Every structure is written in structure tokens, then in C-alpha cells.
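Residue numbers (our numbering): 77 to 150. Note that the Cβ used here is the ideal one computed from N, Cα and C, for glycine as well. Remember, it's a predicted structure, so these values are computed and weren't measured experimentally.
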Amino acid sequence: MQVKWAALGEVFLVGFGVAVSVVLLFTLGVLGLSARATARERGAGGGVGQALAGVCFTACGGVVLYGVYLIAFG
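Have a look at this one:
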């Protein structure tokens, strides 16, 4: 049995990059919700924060669903 080190390294780097990206997207989504709450406390609408949160959480969900698709059907 031989280990293909190049392929293992590639899988590690891609997995690490995707994990960091999902965490950053989720963090931006939470930041957007926080900005919305702060804007509402000040009497403003907070639509930009809500839109940012929606986009970020949708992107997170899309990445997770694509990963499940790859595991199930890839």
C-alpha cells in the first residue's frame, strides 16, 4: 500500500481553505446581524446588516449542501 502524499496534501489544503472560508462567512453573517441590531437601537433601518447576514448565511448553507452532495453522490 502506498500513500499518495501529493493527493493527501491537496485534500488537506482544500479542506482547510473551505473550513476557514465557511467560518469567515458565518462570522460576517453574525457581524451583519449585530450591525442590524445596533442600527435598530439607534432608530435606523438596519437593512444593510440584514442583507449582509442573509447573503453570508445563504453562502454557508450552499457550501455545506455542496459538501453533502459530494459525499453522497461524488
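- Going by DSSP, Gln126 is part of the alpha helix (DSSP H) stretching over 123-149.
- In this structure, Ala95 lies away from Gly108, with their beta-carbon atoms at least 8 Å apart.
- Less than 8 Å divides the Cβ of Leu101 from the Cβ of Cys136.
- Secondary structure of Gly91 (DSSP, three-state): helix.
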